[in-house]
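Peer 1: Going by this note's numbering, the residue at position 178 of the sequence shown is 185; the numbering climbs one at a time, nothing skipped.
Using N, Cα and C, we set each Cβ at its ideal position, and we do this for glycine too.
Next up is a structure, given as C-alpha coordinates.
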Amino acid sequence: MASYHIHCKTIGRSAGRSATAAAAYRSAERIRDMRTGEEHDYRRKRGVLHREIVLPPGAPAWAANREQLWNAAEAAETRKNSTVAREFELSLPAELAPEQRQTLAVSFARELVDRHGCAVDVAIHAPHRDGDERNHHAHLLCSTRRLRPEGFKEKTRELDDQRSGEIVRWRERWASLQNEQLQKYGHDVRVDHRTLEEQGIDRAPTHHRGPAITAIERRGEHSVVRERWTIEDREDAVKRLQRAAELGRLEREAEQVSRSIIDLSNNIPAARLARDVAATADLAPTSSAQVRSRAQALWQQFRAQDIGGKNQELDLTKDRTRGLGGPGHGHGFDP
8 MASYHIHCKT
18 IGRSAGRSAT
28 AAAAYRSAER
38 IRDMRTGEEH
48 DYRRKRGVLH
58 REIVLPPGAP
68 AWAANREQLW
78 NAAEAAETRK
88 NSTVAREFEL
98 SLPAELAPEQ
108 RQTLAVSFAR
118 ELVDRHGCAV
128 DVAIHAPHRD
138 GDERNHHAHL
148 LCSTRRLRPE
158 GFKEKTRELD
168 DQRSGEIVRW
178 RERWASLQNE
188 QLQKYGHDVR
198 VDHRTLEEQG
208 IDRAPTHHRG
218 PAITAIERRG
228 EHSVVRERWT
238 IEDREDAVKR
248 LQRAAELGRL
258 EREAEQVSRS
268 IIDLSNNIPA
278 ARLARDVAAT
288 ADLAPTSSAQ
298 VRSRAQALWQ
308 QFRAQDIGGK
318 NQELDLTKDR
328 TRGLGGPGHG
338 HGFDP
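Listed below in C-alpha coordinates is the structure:
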(Lines of atoms letter the chains of each structure in order from A; the text may use other names.)
(Lines give C-alpha, C1' and ligand atoms only; values in the text may rest on other atoms or scores of the structure.)
Protein backbone atom coordinates (compact mmCIF):
# COMPACT_ATOMS: atom_id res chain seq x y z
CA MET A 8 0.00 0.00 0.00
CA ALA A 9 1.31 3.48 -0.88
CA SER A 10 1.88 5.99 1.88
CA TYR A 11 -1.07 8.18 2.89
CA HIS A 12 -0.68 11.47 4.72
CA ILE A 13 -2.72 14.65 4.91
CA HIS A 14 -2.51 17.15 7.71
CA CYS A 15 -4.41 20.41 8.02
CA LYS A 16 -3.06 23.08 10.36
CA THR A 17 -3.48 26.79 10.92
CA ILE A 18 -0.94 29.61 10.86
CA GLY A 19 -1.71 32.27 13.44
CA ARG A 20 -0.22 35.40 14.94
CA SER A 21 -0.70 34.05 18.47
CA ALA A 22 2.13 31.59 17.68
CA GLY A 23 4.32 34.33 16.24
CA ARG A 24 3.76 33.21 12.66
CA SER A 25 2.72 35.04 9.51
CA ALA A 26 1.29 34.13 6.12
CA THR A 27 4.09 36.04 4.36
CA ALA A 28 6.84 34.05 6.09
CA ALA A 29 5.05 30.74 5.46
CA ALA A 30 4.58 31.53 1.77
CA ALA A 31 8.21 32.64 1.36
CA TYR A 32 9.57 29.47 2.96
CA ARG A 33 7.35 27.04 1.03
CA SER A 34 7.97 28.71 -2.32
CA ALA A 35 11.68 29.46 -1.66
CA GLU A 36 11.18 33.13 -2.54
CA ARG A 37 11.73 36.54 -0.96
CA ILE A 38 8.64 38.26 0.43
CA ARG A 39 8.52 41.54 2.33
CA ASP A 40 5.85 41.81 5.02
CA MET A 41 4.27 45.25 4.63
CA ARG A 42 2.64 45.09 8.06
CA THR A 43 5.80 44.44 10.07
CA GLY A 44 8.51 45.55 7.65
CA GLU A 45 10.24 42.16 7.89
CA GLU A 46 11.80 40.56 4.85
CA HIS A 47 11.57 36.79 4.54
CA ASP A 48 14.20 35.55 2.11
CA TYR A 49 14.39 31.81 1.41
CA ARG A 50 15.84 31.94 -2.09
CA ARG A 51 18.73 29.69 -1.02
CA LYS A 52 16.33 26.91 -0.08
CA ARG A 53 16.58 23.86 -2.35
CA GLY A 54 14.12 21.18 -3.32
CA VAL A 55 11.09 23.22 -4.43
CA LEU A 56 10.05 21.46 -7.63
CA HIS A 57 6.92 23.43 -8.47
CA ARG A 58 5.08 26.51 -7.21
CA GLU A 59 1.71 27.72 -8.41
CA ILE A 60 -1.09 30.00 -7.19
CA VAL A 61 -4.63 28.75 -7.76
CA LEU A 62 -7.36 31.41 -7.60
CA PRO A 63 -11.17 31.44 -7.77
CA PRO A 64 -12.89 32.81 -10.88
CA GLY A 65 -13.00 36.62 -10.95
CA ALA A 66 -10.10 37.07 -8.55
CA PRO A 67 -8.28 40.40 -8.87
CA ALA A 68 -5.14 40.44 -11.02
CA TRP A 69 -2.85 41.40 -8.13
CA ALA A 70 -3.65 38.08 -6.39
CA ALA A 71 -1.45 36.23 -8.90
CA ASN A 72 1.56 37.91 -7.30
CA ARG A 73 2.66 35.90 -4.25
CA GLU A 74 3.92 38.87 -2.24
CA GLN A 75 0.80 40.95 -2.87
CA LEU A 76 -1.52 37.99 -2.22
CA TRP A 77 -0.21 37.18 1.24
CA ASN A 78 0.24 40.80 2.28
CA ALA A 79 -3.43 41.31 1.40
CA ALA A 80 -4.31 38.25 3.48
CA GLU A 81 -2.39 39.74 6.44
CA ALA A 82 -4.02 43.16 5.97
CA ALA A 83 -7.51 41.58 6.05
CA GLU A 84 -6.90 40.46 9.65
CA THR A 85 -6.97 43.09 12.39
CA ARG A 86 -6.66 41.10 15.62
CA LYS A 87 -3.30 40.35 17.18
CA ASN A 88 -4.21 36.66 17.54
CA SER A 89 -5.78 36.22 14.09
CA THR A 90 -5.43 33.05 12.06
CA VAL A 91 -3.90 34.33 8.83
CA ALA A 92 -3.56 31.15 6.74
CA ARG A 93 -4.36 27.46 6.68
CA GLU A 94 -2.10 24.73 5.33
CA PHE A 95 -2.79 21.30 3.89
CA GLU A 96 0.34 19.16 4.02
CA LEU A 97 0.13 16.22 1.60
CA SER A 98 2.29 13.20 0.85
CA LEU A 99 2.51 12.46 -2.88
CA PRO A 100 2.75 8.89 -4.23
CA ALA A 101 6.35 7.95 -5.02
CA GLU A 102 4.97 5.57 -7.67
CA LEU A 103 3.86 8.48 -9.87
CA ALA A 104 6.08 10.48 -12.22
CA PRO A 105 6.94 14.10 -11.25
CA GLU A 106 4.45 15.65 -13.68
CA GLN A 107 1.75 13.25 -12.46
CA ARG A 108 2.37 14.25 -8.84
CA GLN A 109 2.17 17.89 -9.88
CA THR A 110 -1.17 17.36 -11.61
CA LEU A 111 -2.46 15.54 -8.53
CA ALA A 112 -1.51 18.32 -6.09
CA VAL A 113 -2.83 21.12 -8.29
CA SER A 114 -6.09 19.23 -8.89
CA PHE A 115 -6.64 18.95 -5.15
CA ALA A 116 -5.91 22.68 -4.78
CA ARG A 117 -8.42 23.49 -7.52
CA GLU A 118 -11.13 21.53 -5.71
CA LEU A 119 -10.39 23.42 -2.49
CA VAL A 120 -10.71 26.72 -4.35
CA ASP A 121 -13.93 25.71 -6.10
CA ARG A 122 -15.59 24.59 -2.86
CA HIS A 123 -14.42 27.29 -0.45
CA GLY A 124 -13.60 30.27 -2.65
CA CYS A 125 -10.18 30.76 -1.07
CA ALA A 126 -6.79 31.30 -2.69
CA VAL A 127 -4.34 28.37 -2.59
CA ASP A 128 -0.59 28.62 -3.01
CA VAL A 129 0.88 25.25 -4.06
CA ALA A 130 4.51 24.28 -3.41
CA ILE A 131 5.79 20.80 -4.25
CA HIS A 132 8.93 19.72 -2.39
CA ALA A 133 11.36 16.95 -3.23
CA PRO A 134 12.46 14.47 -0.56
CA HIS A 135 15.26 15.79 1.62
CA ARG A 136 18.68 14.52 0.61
CA ASP A 137 19.20 13.05 4.11
CA GLY A 138 15.70 11.60 4.45
CA ASP A 139 13.45 9.01 2.85
CA GLU A 140 13.79 9.27 -0.93
CA ARG A 141 10.08 8.44 -1.28
CA ASN A 142 9.00 11.47 0.76
CA HIS A 143 7.55 13.54 -2.07
CA HIS A 144 5.14 16.06 -0.59
CA ALA A 145 3.23 19.25 -1.22
CA HIS A 146 2.28 22.27 0.87
CA LEU A 147 -1.03 23.93 0.02
CA LEU A 148 -1.19 27.33 1.75
CA CYS A 149 -4.80 28.53 1.81
CA SER A 150 -6.26 31.92 2.67
CA THR A 151 -8.72 31.86 5.57
CA ARG A 152 -11.04 34.26 3.70
CA ARG A 153 -12.87 33.94 0.41
CA LEU A 154 -11.30 35.94 -2.39
CA ARG A 155 -13.81 38.08 -4.31
CA PRO A 156 -13.17 40.47 -7.24
CA GLU A 157 -12.95 43.30 -4.68
CA GLY A 158 -10.55 41.42 -2.40
CA PHE A 159 -10.68 39.18 0.68
CA LYS A 160 -14.09 38.96 2.33
CA GLU A 161 -15.79 36.50 4.73
CA LYS A 162 -13.97 33.75 6.64
CA THR A 163 -14.11 30.10 5.58
CA ARG A 164 -15.51 29.09 8.97
CA GLU A 165 -16.63 25.67 7.79
CA LEU A 166 -13.00 24.52 7.82
CA ASP A 167 -12.66 25.53 11.47
CA ASP A 168 -15.76 23.70 12.68
CA GLN A 169 -15.24 19.96 13.28
CA ARG A 170 -19.00 19.44 13.23
CA SER A 171 -19.13 20.54 9.59
CA GLY A 172 -17.30 17.38 8.54
CA GLU A 173 -15.25 19.28 5.96
CA ILE A 174 -11.83 18.05 7.07
CA VAL A 175 -13.07 14.45 7.15
CA ARG A 176 -14.47 14.99 3.67
CA TRP A 177 -11.14 16.28 2.38
CA ARG A 178 -9.24 13.38 3.94
CA GLU A 179 -11.45 10.96 2.05
CA ARG A 180 -11.27 12.98 -1.14
CA TRP A 181 -7.47 13.08 -1.05
CA ALA A 182 -7.37 9.29 -0.87
CA SER A 183 -9.81 9.01 -3.78
CA LEU A 184 -7.80 11.39 -5.97
CA GLN A 185 -4.58 9.47 -5.34
CA ASN A 186 -6.21 6.12 -6.08
CA GLU A 187 -7.69 7.48 -9.30
CA GLN A 188 -4.24 8.58 -10.47
CA LEU A 189 -2.57 5.35 -9.37
CA GLN A 190 -5.14 3.31 -11.28
CA LYS A 191 -4.93 5.60 -14.32
CA TYR A 192 -1.20 5.03 -14.65
CA GLY A 193 -1.31 1.28 -14.05
CA HIS A 194 -0.21 0.97 -10.42
CA ASP A 195 -1.77 -1.70 -8.21
CA VAL A 196 -1.03 0.02 -4.88
CA ARG A 197 -3.77 2.03 -3.17
CA VAL A 198 -4.07 4.37 -0.20
CA ASP A 199 -6.70 4.39 2.54
CA HIS A 200 -7.75 7.45 4.54
CA ARG A 201 -9.16 5.37 7.40
CA THR A 202 -7.29 4.77 10.62
CA LEU A 203 -5.48 1.46 11.11
CA GLU A 204 -8.11 0.46 13.67
CA GLU A 205 -10.92 1.19 11.21
CA GLN A 206 -9.10 -0.91 8.60
CA GLY A 207 -8.78 -3.80 11.08
CA ILE A 208 -4.96 -3.56 11.12
CA ASP A 209 -3.46 -4.23 14.54
CA ARG A 210 -0.24 -2.23 14.59
CA ALA A 211 0.86 1.12 15.92
CA PRO A 212 0.64 4.06 13.50
CA THR A 213 3.86 5.70 12.40
CA HIS A 214 4.78 9.19 13.62
CA HIS A 215 5.13 12.12 11.25
CA ARG A 216 8.27 13.87 12.43
CA GLY A 217 7.77 17.26 10.80
CA PRO A 218 10.49 19.78 9.91
CA ALA A 219 11.39 20.77 13.48
CA ILE A 220 12.12 17.27 14.77
CA THR A 221 13.82 16.33 11.51
CA ALA A 222 16.15 19.31 11.78
CA ILE A 223 17.01 18.46 15.41
CA GLU A 224 17.88 14.87 14.51
CA ARG A 225 19.96 15.92 11.50
CA ARG A 226 22.08 18.03 13.88
CA GLY A 227 22.52 14.97 16.09
CA GLU A 228 20.74 16.62 19.01
CA HIS A 229 18.44 14.98 21.56
CA SER A 230 14.75 15.07 20.71
CA VAL A 231 12.38 15.00 23.69
CA VAL A 232 9.46 14.32 21.34
CA ARG A 233 11.25 11.33 19.81
CA GLU A 234 11.96 9.96 23.30
CA ARG A 235 8.29 10.33 24.25
CA TRP A 236 7.26 8.53 21.05
CA THR A 237 9.61 5.65 21.90
CA ILE A 238 8.06 5.28 25.36
CA GLU A 239 4.53 5.49 23.94
CA ASP A 240 5.36 2.88 21.28
CA ARG A 241 6.67 0.48 23.93
CA GLU A 242 3.59 0.96 26.08
CA ASP A 243 1.37 0.47 23.05
CA ALA A 244 3.24 -2.73 22.14
CA VAL A 245 2.66 -4.14 25.65
CA LYS A 246 -1.04 -3.30 25.47
CA ARG A 247 -1.33 -4.96 22.07
CA LEU A 248 0.34 -8.13 23.36
CA GLN A 249 -2.03 -8.18 26.33
CA ARG A 250 -5.02 -7.74 24.03
CA ALA A 251 -3.74 -10.51 21.77
CA ALA A 252 -3.35 -12.87 24.74
CA GLU A 253 -6.84 -12.07 25.98
CA LEU A 254 -8.25 -12.51 22.48
CA GLY A 255 -6.55 -15.89 22.22
CA ARG A 256 -8.07 -16.98 25.53
CA LEU A 257 -11.54 -15.86 24.46
CA GLU A 258 -11.18 -17.63 21.13
CA ARG A 259 -10.21 -20.88 22.86
CA GLU A 260 -13.19 -20.61 25.21
CA ALA A 261 -15.49 -19.85 22.28
CA GLU A 262 -14.17 -22.91 20.46
CA GLN A 263 -14.85 -25.11 23.48
CA VAL A 264 -18.40 -23.76 23.77
CA SER A 265 -18.89 -24.27 20.05
CA ARG A 266 -17.77 -27.89 20.32
CA SER A 267 -20.12 -28.44 23.27
CA ILE A 268 -23.01 -27.02 21.29
CA ILE A 269 -22.18 -29.26 18.34
CA ASP A 270 -21.93 -32.34 20.60
CA LEU A 271 -25.24 -31.45 22.21
CA SER A 272 -26.98 -30.75 18.92
CA ASN A 273 -25.89 -34.16 17.66
CA ASN A 274 -27.40 -35.86 20.74
CA ILE A 275 -30.56 -33.89 21.46
CA PRO A 276 -32.48 -36.90 22.88
CA ALA A 277 -29.69 -37.46 25.41
CA ALA A 278 -29.85 -33.81 26.40
CA ARG A 279 -33.61 -34.03 26.93
CA LEU A 280 -33.18 -37.24 28.91
CA ALA A 281 -30.56 -35.60 31.11
CA ARG A 282 -32.96 -32.76 31.83
CA ASP A 283 -35.70 -35.24 32.77
CA VAL A 284 -33.30 -37.05 35.12
CA ALA A 285 -32.43 -33.78 36.84
CA ALA A 286 -36.08 -32.80 37.23
CA THR A 287 -37.02 -36.20 38.61
CA ALA A 288 -34.05 -36.26 40.97
CA ASP A 289 -35.42 -33.19 42.75
CA LEU A 290 -38.39 -35.30 43.87
CA ALA A 291 -36.63 -38.50 44.87
CA PRO A 292 -35.86 -38.02 48.60
CA THR A 293 -39.38 -36.93 49.60
CA SER A 294 -41.62 -38.59 47.01
CA SER A 295 -43.20 -41.99 46.72
CA ALA A 296 -41.51 -45.26 45.83
CA GLN A 297 -43.04 -44.93 42.36
CA VAL A 298 -41.20 -41.66 41.72
CA ARG A 299 -37.93 -43.03 43.08
CA SER A 300 -38.31 -46.07 40.89
CA ARG A 301 -38.90 -43.89 37.83
CA ALA A 302 -35.87 -41.73 38.64
CA GLN A 303 -33.69 -44.82 39.01
CA ALA A 304 -34.89 -46.13 35.66
CA LEU A 305 -34.24 -42.81 33.94
CA TRP A 306 -30.77 -42.63 35.39
CA GLN A 307 -29.90 -46.12 34.18
CA GLN A 308 -31.29 -45.23 30.78
CA PHE A 309 -29.18 -42.07 30.68
CA ARG A 310 -26.07 -43.98 31.79
CA ALA A 311 -26.56 -46.50 29.05
CA GLN A 312 -27.22 -43.71 26.49
CA ASP A 313 -30.21 -45.76 25.35
CA ILE A 314 -31.68 -42.86 23.43
CA GLY A 315 -32.68 -44.55 20.20
CA GLY A 316 -35.99 -45.92 18.95
CA LYS A 317 -39.04 -45.21 21.06
CA ASN A 318 -37.10 -43.03 23.56
CA GLN A 319 -36.87 -40.34 20.87
CA GLU A 320 -40.65 -40.27 20.82
CA LEU A 321 -40.90 -39.44 24.54
CA ASP A 322 -42.49 -36.06 25.07
CA LEU A 323 -39.99 -34.64 27.54
CA THR A 324 -40.96 -31.02 26.93
CA LYS A 325 -43.37 -31.46 29.85
CA ASP A 326 -42.34 -32.64 33.31
CA ARG A 327 -44.20 -35.96 33.76
CA THR A 328 -43.49 -35.97 37.50
CA ARG A 329 -44.92 -32.58 38.42
CA GLY A 330 -48.28 -34.14 39.35
CA LEU A 331 -46.54 -36.24 42.01
CA GLY A 332 -45.47 -33.35 44.16
CA GLY A 333 -43.58 -30.93 41.92
CA PRO A 334 -39.87 -30.10 41.88
CA GLY A 335 -37.89 -28.32 44.51
CA HIS A 336 -38.67 -30.46 47.56
CA GLY A 337 -35.53 -32.53 47.70
CA HIS A 338 -31.81 -32.03 47.96
CA GLY A 339 -30.68 -33.81 44.82
CA PHE A 340 -30.52 -37.40 43.64
CA ASP A 341 -27.53 -39.68 44.00
CA PRO A 342 -28.03 -42.97 42.11
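With distance defined between alpha-carbon atoms, name the residue in E161, K160, E173 nearest to E118.
Peer 2: Numbered from 1 along the sequence shown, position 111 holds the residue referred to as residue 118. Checking every option, the nearest Cα to that of E118 belongs to E173.
Peer 1: Run the CB neighbour count on E84, radius 10 Å, all protein chains shown included, and call it buried at 16 or more, exposed below.
Peer 2: On the sequence shown, position 77 is the one that residue 84 refers to. Buried, since its Cβ has 16 or more Cβ neighbours within 10 Å.
Peer 1: Restricting to Cα atoms, I'd like to know which of A182, G23, Q263, L257 is closest to S89.
Peer 2: Residue mapping note: residue 89 aligns to position 82 of the sequence shown, counting from 1. Ranking the options by Cα distance to S89, first place goes to G23.
Peer 1: If you pair each beta-carbon of the stretch 103-113 with each one of the stretch 174-188, do three or more pairs fall below 8 Å?
Peer 2: They touch, by the three-pair rule.
Peer 1: In terms of residue numbering, what span does the alpha helix (DSSP H) encompassing D121 cover?
Peer 2: As a position in the sequence shown, residue 121 is number 114, starting the count at 1. It spans 105-123 - the alpha helix (DSSP H) in which D121 sits, taken as one unbroken run.
Peer 1: Which one of A304, G44, L62 has the shortest CA to CA distance from C149?
Peer 2: Locating residue 149 in the sequence shown gives position 142, where the first residue counts as 1. For C149, the nearest C-alpha among the options comes from L62.
Peer 1: May I ask you to report which of helix, strand or coil DSSP gives S171?
Peer 2: As a position in the sequence shown, residue 171 is number 164, starting the count at 1. In the structure shown, S171 sits in a helix (DSSP, three-state: H, G or I).
Peer 1: Three-state secondary structure (DSSP) at E46?
Peer 2: Counted from its first residue, the sequence shown places residue 46 at position 39. In this structure, E46 counts as strand in the three-state DSSP scheme.
Peer 1: Are there 16 or more other CB atoms within 10 angstroms of the CB of D195, so buried, or fewer, so exposed?
Peer 2: As a first step, residue 195 is located in the sequence shown; it is residue number 188 there, counting from the start. Exposed.
Peer 1: Between the stretch 111-126 and the stretch 28-45, are three or more C-beta pairs nearer than 8 Å?
Peer 2: With the cut-off at 8 Å, the stretch 111-126 and the stretch 28-45 do not touch.
Peer 1: What are the uninterrupted segments assigned as beta strand (DSSP E) that are 3 or more residues long and contained completely in the stretch 40-93, given in chain order?
Peer 2: For the stretch 40-93, whole beta strand (DSSP E) runs of length 3 or above, ordered along the chain, are 46-48, 55-61.
Peer 1: Decide if Y32 is buried, meaning its Cβ has at least 16 other Cβ atoms within 10 Å, or exposed.
Peer 2: One-based indexing of the sequence shown puts residue 32 at position 25. Answer is buried; the Cβ neighbour count reaches 16.
Peer 1: Quick one: what does DSSP say P334 is sitting in, helix, strand or coil?
Peer 2: Residue mapping note: residue 334 aligns to position 327 of the sequence shown, counting from 1. Low confidence applies to P334: its pLDDT is 39, below 50, so where it sits in the model is not reliable, and the reading given next is rough at best. Coil, per DSSP.
Peer 1: Who does H132 pair with in a DSSP beta bridge?
Peer 2: In the sequence shown, residue 132 corresponds to position 125, counting from 1. H132 is bridged to V55, H144.
Peer 1: Looking at the unbroken beta strand (DSSP E) that takes in T17, where does it start and where does it end?
Peer 2: Translated into positions along the sequence shown, residue 17 becomes position 10. Its beta strand (DSSP E) spans residues 13-19.
Peer 1: Which whole-angstrom value describes the C-beta separation of Y11 and V198, a residue pair presumed to lie in contact below a C-beta threshold of 8 Å?
Peer 2: Counting from 1 along the sequence shown, the entry for residue 11 is found at position 4. Counting from 1 along the sequence shown, the entry for residue 198 is found at position 191. The pair is a contact, with the Cβ atoms about 4 Å apart (cut-off 8 Å).
Peer 1: Is G193 helix, strand or coil by DSSP?
Peer 2: If you number the sequence shown from 1, residue 193 lands on position 186. Reduced to three states, the DSSP call for G193 is coil.
Peer 1: If you check the beta carbons only, do A70 and A26 fall under 7 Å apart?
Peer 2: The count along the sequence shown starts at 1 and reaches residue 70 at position 63. The count along the sequence shown starts at 1 and reaches residue 26 at position 19. Taking 7 Å as the Cβ cut-off, A70 and A26 do not qualify as a contacting pair.
Peer 1: For the candidate residues E96, A126, E59, K87, whose alpha-carbon lies nearest to that of A66?
Peer 2: Counting from 1 along the sequence shown, the entry for residue 66 is found at position 59. For A66, the nearest C-alpha among the options comes from A126.
Peer 1: Could you say which of K160, T17, R256 lies nearest to G124 if we only look at CA atoms?
Peer 2: By 1-based counting over the sequence shown, the position of residue 124 is 117. That would be K160, whose Cα lies nearest to the Cα of G124.
Peer 1: Among R50, L76, E94, R259, which residue has its Cα nearest to the Cα of L166?
Peer 2: One-based indexing of the sequence shown puts residue 166 at position 159. That would be E94, whose Cα lies nearest to the Cα of L166.
Peer 1: What residues in its chain sit with their C-beta under 6 Å from that of N142, if we drop five residues either side in the sequence?
Peer 2: Numbered from 1 along the sequence shown, position 135 holds the residue referred to as residue 142. Excluding positions up to five away in sequence, the list reads P134.
Peer 1: What does DSSP give as the partner residue(s) for R155 in the beta ladder?
Peer 2: Working through the sequence shown from its first residue, we reach residue 155 at position 148. R155 pairs with G158.
Peer 1: Look up E96 in the DSSP assignment and say whether it is helix, strand or coil.
Peer 2: If you number the sequence shown from 1, residue 96 lands on position 89. Strand, per DSSP.
Peer 1: Here's a check: name, in chain order, each residue in its chain whose Cβ is nearer than 7 Å to the Cβ of R20, leaving out the five neighbours to either side.
Peer 2: Start at 1 with the first residue of the sequence shown, and residue 20 comes out as number 13. K87, N88, S89, V91, listed in sequence order.
Peer 1: To the nearest angstrom, how far is it from the Cα of L76 to the Cα of G255?
Peer 2: Stepping through the sequence shown from its first residue, residue 76 is reached at position 69. Stepping through the sequence shown from its first residue, residue 255 is reached at position 248. Their backbone Cα atoms lie some 59 Å apart in a straight line.
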